[in-house]
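Read top to bottom, the protein sequences are chains Y and W. Going by our numbering, the residue at position 36 of the first sequence is 36; the numbering climbs one at a time, nothing skipped. Going by our numbering, the residue at position 16 of the second sequence is 16; the numbering climbs one at a time, nothing skipped. Encoded as structure tokens, the structure appears first; notes follow it.
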Amino acid sequence: MGIEQSLRLETGLFNFSLLLYLVSMGLYLVFFIGKKEVAGTYGSYVIKGGFILHTLALLVRWIAAGRIPLSNQYEFATAFAWGIVLCFMIFEIKFGYKAMGTFVIPIAFLIMGYAAMQSKDIRPLMPALQSNWLSLHVGTAVIGYGAFGVAAGVSLMFLLRNHLSANPFVKKHLPDGDTLDLISYRAIALGFFFLTLVIVTGAIWAEQAWGRYWAWDPKETWSLITWIIYAVYLHARIIRGWQGKKAALFSVIGFVCVLFTYIGVNTWLPSIHSYALVLPLQ
Amino acid sequence: MKEKPHIPTSEKDNPLLVLDANPPKNPGDVFKKTGFRAPVKLAHDRREIYYQKKHALGHLGSWFTHVGLLIVFISYLFGQVAGFETFFYGVPGVRGEIEHTNLELAIEDFSIDYREDNSIHQYTSDLRVYSRESDRLIKEGVSKVNDPLRVEGLSIYQNGTGWAVDLNLYKEGQVLRDLTLYEGEIHVDDDQRIAIQFYDFFPDLVRHQGMPRSQSPFPDNPHMLYVLYYEGFRADMNVVGMGEEIRYEEYAFSVEDPRHFTYLQIVRDPGIPGALAGGLLLTLGVFLAFYLHPKALMVERKADGALSIWSKAPKGALIFQKQIKTALKEGSPWE
């Protein structure tokens, strides 16, 4: 299969998975707002279908490009959304609350929408990206950011919980505050471990590619800020017993930092990580 | 991790007593069903108590994390103080001293590997490192992007590139200077009366709407964009082809033999091994802290044969208690 055909196939799979994510998001909304139990079950099936197509899209691009598709804005955005959906499915299976989909899937869908607006061209890797560290560094970012996305969705759920009417349906499907807090904590603990890996592997790679393992590049600095925010969250939780609303707010702020580190830094701050730009030798 | 377990005497003494579980008759089964190794019987005068713990390494998580961070921080500071960074550039054939060392670096060759679409696949510098004192060859090798040449505690990185030309400067028909001029450099000569700046380079010059640009990265029609200063003032700015002569007042110059030069970054950072060890310790610490939750289980067989179960889990005590209840009702989720 030629590269043009592969790209067409990938685009088709991507668009179809985007559509399924939209349908799933709608079903989860109907489930939660319309109190239709069956819609939640279908939403769960549809998101899994979308995830399979999304995975196929990534694999087709991987084969067509001859490298792992994690090297530009489009590729990372679509992988980021994939990471959120993967983490969501794991947490949905583990904790069994479909209502999480109402809050988490819209985040994944928005990031897929952002990916859809980026150029899908497959470009060969610039020399600095030709490293085995790319897979490990960016792959861990996909999982870590995905887990933070789930944590943010669940924390939003926590913050909105008091504004939802306490009818039997909501009582049955909306986890209690402690459980929501626990799910968010678990997701942040997962994300924090992977973010640590992102920073450590990035530093090792940077030493090989740029001659410095830490250069206070905007991306590095904002990753560190994000890491510190989540570290403060985890410390405050253990030492000060922060739970509930404060913890949920911190989780949402942390995810805003994640989004800024990914989108804001690449868009607004000149950085050696801005691979959308053409740099002299990187 | 030798820790003498505390034996609770009442429910008040250990609030995490699992009260409403439906334990098996045999204490060993409780441990088996909840994913623990075979328990040890604690020495006690009157009570029959069994105990086991797991994931004790998890206690080290926080220590490893914070010590790892401290090591990274100290190593970074040490590297900043004790290390250095310098740069070296030149065309093939250039040899010079590496600052802050007793070494010399020779650029044997430099090449750029292009793909079919003219995008760059790799930059490669062939290098030789000599002892400055004995002129002995210490190391010979290549430096590529993502693959620096390591020698004597130094790392030599392929950092950049540009164009260089041979500049021939004449005054009143006599050769005043003959040197290699690098892109971005300005050559000042004759007691600052004349200066020539290598402003830009167009390897394959075409004019687009009157403006110069290059249609390929290959030197098929090479031109240099120069700025000429005379007695401190900018006197001329234009593109000049190879071998073409530019005259201004009593001076004239020409350029020839365009080729790439390599720009190398040379770093010595003695803090790197420490930072790496600290980073790995930090990662291990975070893993232990969040994925190896220390847990302990204590089971007492009462005189009437009934079992009392105590659980201890500093992180996630309630979840652990819930897991025990589930395991005892449905079989172990960890088996």
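Positions of the beta carbon are idealized from the N, C-alpha and C atoms, including for glycine.
DSSP beta-bridge partners of residue i
i	result
residue 212 of chain W	W:207
residue 187 of chain W	W:196
residue 158 of chain W	W:264
residue 151 of chain W	W:154
residue 122 of chain W	W:113
residue 8 of chain Y	BP columns for residue 8 of chain Y are empty, so no partner.
residue 246 of chain W	W:253
residue 95 of chain W	W:106
residue 168 of chain W	W:178, W:254
residue 86 of chain W	W:266
residue 83 of chain Y	In the DSSP output, where bridge partners are listed per residue, residue 83 of chain Y has none listed.
Residue i: contacting residues in chain W (beta-carbon distance under 8 angstroms)
i	result
residue 197 of chain Y	283
residue 200 of chain Y	279, 280, 282, 283
residue 124 of chain Y	115, 117, 119, 121
residue 236 of chain Y	Within chain W, no residue comes near residue 236 of chain Y; the closest Cβ sits about 14 angstroms away, beyond 8 angstroms.
residue 203 of chain Y	275, 279
Span separating the alpha-carbon of residue i from that of residue j
i	j	result
residue 184 of chain Y	residue 147 of chain Y	9 angstroms
residue 295 of chain W	residue 37 of chain W	12 angstroms
residue 18 of chain Y	residue 50 of chain Y	7 angstroms
residue 327 of chain W	residue 30 of chain W	9 angstroms
residue 375 of chain W	residue 125 of chain W	One cannot answer for residue 375 of chain W here, as it falls past the ends of chain W, which runs 1 to 335.
residue 20 of chain Y	residue 139 of chain W	58 angstroms
residue 307 of chain W	residue 232 of chain Y	42 angstroms
residue 332 of chain W	residue 35 of chain W	Below a pLDDT of 50, predicted positions are generally treated as unreliable, and residue 332 of chain W, at 44, falls in that range; the measurement from the model is reported next regardless. Approximately 6 angstroms between the Cα atoms of the pair.
residue 244 of chain W	residue 258 of chain W	13 angstroms
residue 264 of chain Y	residue 203 of chain Y	21 angstroms
residue 8 of chain Y	residue 142 of chain Y	24 angstroms
residue 24 of chain Y	residue 15 of chain Y	14 angstroms
residue 223 of chain Y	residue 127 of chain W	36 angstroms
residue 119 of chain W	residue 203 of chain W	15 angstroms
residue 156 of chain W	residue 92 of chain W	16 angstroms
residue 135 of chain Y	residue 215 of chain Y	21 angstroms
residue 275 of chain Y	residue 72 of chain Y	Note on residue 275 of chain Y: pLDDT 43, under 50, position unreliable in the model; no value is reported.
residue 141 of chain W	residue 189 of chain W	37 angstroms
residue 92 of chain Y	residue 79 of chain W	46 angstroms
residue 197 of chain Y	residue 45 of chain W	50 angstroms
residue 235 of chain W	residue 210 of chain W	21 angstroms
residue 172 of chain W	residue 195 of chain W	16 angstroms
residue 360 of chain W	residue 30 of chain Y	Because chain W here runs from 1 to 335, residue 360 of chain W falls outside it and cannot be looked at.
residue 158 of chain W	residue 205 of chain Y	14 angstroms
residue 84 of chain Y	residue 235 of chain Y	24 angstroms
Exposure of residue i, with buried meaning 16 or more beta-carbon neighbours within 10 Å
i	result
residue 102 of chain W	exposed
residue 1 of chain W	At residue 1 of chain W, the pLDDT of 46 sits below 50, so the modelled position is not reliable and the matter cannot be decided from this model.
residue 222 of chain W	buried
residue 293 of chain W	buried
residue 277 of chain Y	Per-residue confidence for residue 277 of chain Y stands at a pLDDT of 34, beneath the threshold of 50, marking its modelled position as unreliable; the derived number appears in the next sentence. Result: exposed.
residue 151 of chain W	buried
residue 3 of chain Y	exposed
residue 123 of chain W	buried
residue 63 of chain W	exposed
residue 133 of chain W	exposed
residue 201 of chain W	buried
residue 262 of chain Y	buried
residue 238 of chain W	exposed
Proximal residues of chain Y, C-beta to C-beta of residue i below 8 angstroms
i	result
residue 118 of chain W	Correct list: empty, because the minimum Cβ distance to chain Y is about 11 angstroms.
residue 76 of chain W	214
residue 286 of chain W	192, 193, 196
residue 129 of chain W	What residue 129 of chain W touches in chain Y: nothing, since even the nearest Cβ is about 17 angstroms away.
residue 148 of chain W	208, 211
Proximal residues of chain Y, C-beta to C-beta of residue i below 9 angstroms
i	result
residue 122 of chain W	127, 130
residue 155 of chain W	207, 208, 211
CB contact check: residue i to chain C, cutoff 7 angstroms
i	result
residue 69 of chain Y	Absence of chain C from the displayed structure is noted, the protein chains being Y and W.
Beta-carbon neighbours of residue i, restricted to chain W and to distances below 7 angstroms
i	result
residue 207 of chain Y	272
residue 189 of chain Y	290
Proximal chain W residues relative to residue i, where beta-carbon distance stays under 9 angstroms
i	result
residue 143 of chain Y	Result: empty, since nearest Cβ-Cβ is about 14 angstroms, beyond 9 angstroms.
Neighbouring residues, chain Y, relative to residue i (Cβ below 7 angstroms)
i	result
residue 337 of chain W	Any answer about residue 337 of chain W is impossible in this case: the structure gives chain W only from 1 up to 335.
residue 275 of chain W	213
Determine contact between the segment 107–127 of chain Y and the segment 193–202 of chain Y, defined as no fewer than three beta-carbon pairs at a distance below 8 angstroms.
No, the segment 107–127 of chain Y is not in contact with the segment 193–202 of chain Y.
Three Cβ pairs or more, each shorter than 8 angstroms: is that satisfied between the segment 63–80 of chain W and the segment 88–102 of chain W?
Result no; under three Cβ-Cβ pairs closer than 8 angstroms.
Are at least three pairs of beta-carbons, each pair with one atom in the segment 161–172 of chain W and one in the segment 250–263 of chain W, less than 8 angstroms apart?
Output reads yes: the segment 250–263 of chain W touches the segment 161–172 of chain W.
Sufficient close CB pairs (3 or more, under 8 angstroms) joining the segment 141–155 of chain W to the segment 174–185 of chain W
No, the segment 141–155 of chain W does not touch the segment 174–185 of chain W.
Can you find at least 3 beta carbon pairs, one from the segment 258–273 of chain W and one from the segment 82–92 of chain W, that sit closer than 8 angstroms?
By the Cβ test, the segment 258–273 of chain W is in contact with the segment 82–92 of chain W, since at least three Cβ pairs between them sit closer than 8 angstroms.
Would you call the segment 55–64 of chain Y and the segment 32–46 of chain Y touching, i.e. three or more CB-CB distances under 8 angstroms?
A contact is defined here as three or more CB-CB pairs under 8 angstroms, and the segment 55–64 of chain Y fails this definition with respect to the segment 32–46 of chain Y.
Does the contact criterion of 3 or more C-beta pairs under 8 angstroms hold for the segment 161–177 of chain Y versus the segment 90–101 of chain Y?
Enough Cβ pairs lie closer than 8 angstroms, so yes.
With three or more C-beta pairs closer than 8 angstroms as the rule, is the segment 114–127 of chain Y touching the segment 75–91 of chain Y?
Counting Cβ pairs under 8 angstroms, three or more are found: they touch.
Within the chosen definition, does the segment 243–250 of chain Y reach the segment 154–170 of chain Y through at least 3 CB pairs nearer than 8 angstroms?
At 8 angstroms Cβ cutoff, the stretches touch.
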